[in-house]
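Peer 1: Protein chains in written order, with my numbering: chain A, 12 to 313; chain B, 719 to 748.
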């Protein structure tokens, strides 16, 4: 939605959140969506098969047409899978602790591309079976070399109990889903400033997710934040959006804003507490190692 | 992540195979 232009020194100062409540950049902690020209080209490359299918129609070869259309659909589907696979990999890489995607999409995309090429060269181009097969294999191999395979292993589970890490990954997935629903609901409010407040709440929450991922021991103390509070925020946002889009109720807006501010502060505080604990862990670690060095007479300046 | 030259080469091989087999299907038997 459009936002009226105006800064601190404009004649009509916008009545946005004051500096005290303003939080950091809402894009913090969010990665840019990667756009890969290669994937787009893969959507385009099979298009001649459509024309070939029309040619078969003209020649009266129903079977050939069906085969060519199947090859076309297979290749397009492979490109879709590849795109989703790349997205899933980006999500995987953005996190400190992550489970491997359930479906190895890039691998399936490579196989389907091979099958599509095989179908197109055998039924469309009328090559022999063996050359078609070899083309298919080469296409699959080139696909794997070019785009790689999916992350197959869990990440960031070293050093911590695997069971704990799994629990963290699950809890963060759920919390992330709640957050997305909240953001979707906030779009319906139709007030750019409130929407911005919800976004900054979201980035505070995401900061906390990352902190929990880095140290799964914090999960117990943050569970309330990840589920109860976020669910409450989502429900409140949905109800407020329903009400506010109809009535523009100023009281409700004030209450809602107060709620958002409270939530954001408590998320930030929780994160800070967790980081402080990490800090004391670090201090202990450093202390122990330095003592050891000192004992062995290796410490500089001694 | 940046695309390496090897990945680009493999990609062009893939693209050429797909495009040729698709155009081959238009042209019909060799």
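Glycine residues also receive a C-beta, built at the ideal position from the N, C-alpha and C atoms. Note that the coordinates shown come from a computational prediction; the quantities given were computed from them, not determined experimentally.
(1) Output yes or no for whether 8 Å exceeds the beta carbon distance between residue 59 of chain A and residue 730 of chain B.
(2) At a CB-CB cut-off below 9 Å, which residues of chain B make contact with residue 156 of chain A?
(3) Got a sec? Which residues, its chain only, sit under 6 Å from residue 275 of chain A by beta carbon, not counting five neighbours each side?
(4) So is residue 207 of chain A in contact with chain B if we call contact Cβ pairs under 8 Å?
(5) Just confirm the distance between the C-beta atoms of residue 151 of chain A and residue 121 of chain A, as a whole number of angstroms; I'd bet it's less than 8 Å.
(6) In the structure shown, what three-state DSSP assignment does residue 181 of chain A receive?
(7) Assign residue 113 of chain A to one of three DSSP states: helix, strand, or coil.
(8) CB-CB under 8 Å to residue 281 of chain A, same chain, minus the five flanking residues each way: which ones, in chain order?
(9) Starting from the beta carbon of residue 66 of chain A, find every residue of chain B whose beta carbon is closer than 7 Å, and list them in chain order.
(10) Taking Cβ to Cβ, would you say residue 82 of chain A is nearer than 8 Å to residue 130 of chain A?
(11) Buried or exposed, going by whether 16 or more other CB atoms sit within 10 Å of the CB of residue 16 of chain A?
(12) In or out: residue 307 of chain A buried (at least 16 other Cβ within 10 Å) or exposed?
(13) Quick one, which of A/279, A/284, A/79 and A/247 has its alpha-carbon nearest residue 268 of chain A's?
(14) If you count every other CB in all the chains shown that lies within 10 Å of the CB of residue 259 of chain A, and 16 or more means buried, which is it?
(15) Against chain B, with Cβ distances strictly below 8 Å, would residue 60 of chain A count as a contact?
(16) Does any residue of chain B bring its CB to less than 8 Å from the CB of residue 137 of chain A?
(17) Verify whether the separation of the beta carbon atoms of residue 162 of chain A and residue 204 of chain A is less than 8 Å.
(18) For the ligand NAP, any of its heavy atoms closer than 7 Å to the Cβ of residue 258 of chain A?
(19) Mind listing which residues of the region 79 to 103 of chain A have their C-beta closer than 7 Å to chain B's C-betas, in chain order?
(20) Could you tell me the alpha carbon to alpha carbon distance between residue 110 of chain A and residue 164 of chain A, rounded to whole angstroms?
(21) Considering only their Cβ atoms, is the gap separating residue 286 of chain A from residue 182 of chain A smaller than 8 Å?
Peer 2: In brief:
(1) Here residue 59 of chain A refers to the residue found at position 48 when the first chain is read from its first residue. Here residue 730 of chain B refers to the residue found at position 12 when the second chain is read from its first residue. No, they are not a contact pair.
(2) For the purposes of this step, residue 156 of chain A is taken as the residue at position 145 of the first chain. Within chain B, the residues near residue 156 of chain A are 724, 725, 727, 728, 729, 731 and 732.
(3) For this step, residue 275 of chain A is matched to residue 264 along the first chain. Only 212 and 215 meet the Cβ criterion.
(4) In the first chain, residue 207 of chain A corresponds to position 196, counting from 1. No - not a single Cβ of chain B is within 8 Å of the one on residue 207 of chain A.
(5) Taking the first residue of the first chain as 1, we reach residue 151 of chain A at position 140. Taking the first residue of the first chain as 1, we reach residue 121 of chain A at position 110. Confirmed, Cβ separation roughly 5 Å.
(6) Translated into the one-based positions of the first chain, residue 181 of chain A becomes position 170. Reduced to three states, the DSSP call for residue 181 of chain A is helix.
(7) Here residue 113 of chain A is taken as the residue at index 102 of the first chain, counted from 1. Looking at residue 113 of chain A - three-state DSSP - the assignment turns out to be coil, as it is neither helix nor strand.
(8) For the purposes of this step, residue 281 of chain A is identified with residue 270 of the first chain, where counting begins at 1. Excluding positions up to five away in sequence, the list reads 219, 232, 233 and 236.
(9) Walking along the first chain from the start, residue 66 of chain A turns up at place 55. Residues of chain B passing the Cβ test: 744.
(10) As a first step, residue 82 of chain A must be located in the first chain, where it is residue number 71. As a first step, residue 130 of chain A must be located in the first chain, where it is residue number 119. Yes, the pair counts as a contact, with Cβ atoms nearer than the cut-off.
(11) Counting from one through the first chain, the residue named residue 16 of chain A turns up at place 5. Answer is exposed; the Cβ neighbour count stays below 16.
(12) By 1-based counting over the first chain, the position of residue 307 of chain A is 296. Per the 10 Å Cβ criterion, exposed.
(13) Along the first chain, one-based indexing puts residue 268 of chain A at 257. Residue 268 of chain A has its Cα closest to that of A/247, out of A/279, A/284, A/79 and A/247.
(14) Translated into the one-based positions of the first chain, residue 259 of chain A becomes position 248. Per the 10 Å Cβ criterion, exposed.
(15) Taking the first residue of the first chain as position 1, residue 60 of chain A is located at position 49. Interface residue, yes.
(16) Here residue 137 of chain A corresponds to residue number 126 of the first chain, with the count starting at 1. It does; some Cβ of chain B falls within 8 Å.
(17) Position 151 of the first chain, counted from the start, is the residue given in the question as residue 162 of chain A. Position 193 of the first chain, counted from the start, is the residue given in the question as residue 204 of chain A. Cβ distance not < 8 Å, so residue 162 of chain A and residue 204 of chain A don't count as in contact.
(18) Among the components modelled here there is no ligand, and therefore nothing to report on the ligand NAP.
(19) 79 and 86
(20) Start at 1 with the first residue of the first chain, and residue 110 of chain A comes out as number 99. Start at 1 with the first residue of the first chain, and residue 164 of chain A comes out as number 153. Each residue's alpha carbon lies about 7 Å from the other.
(21) Taking the first residue of the first chain as position 1, residue 182 of chain A is located at position 171. Taking the first residue of the first chain as position 1, residue 286 of chain A is located at position 275. No, the pair does not count as a contact, with Cβ atoms beyond the cut-off.
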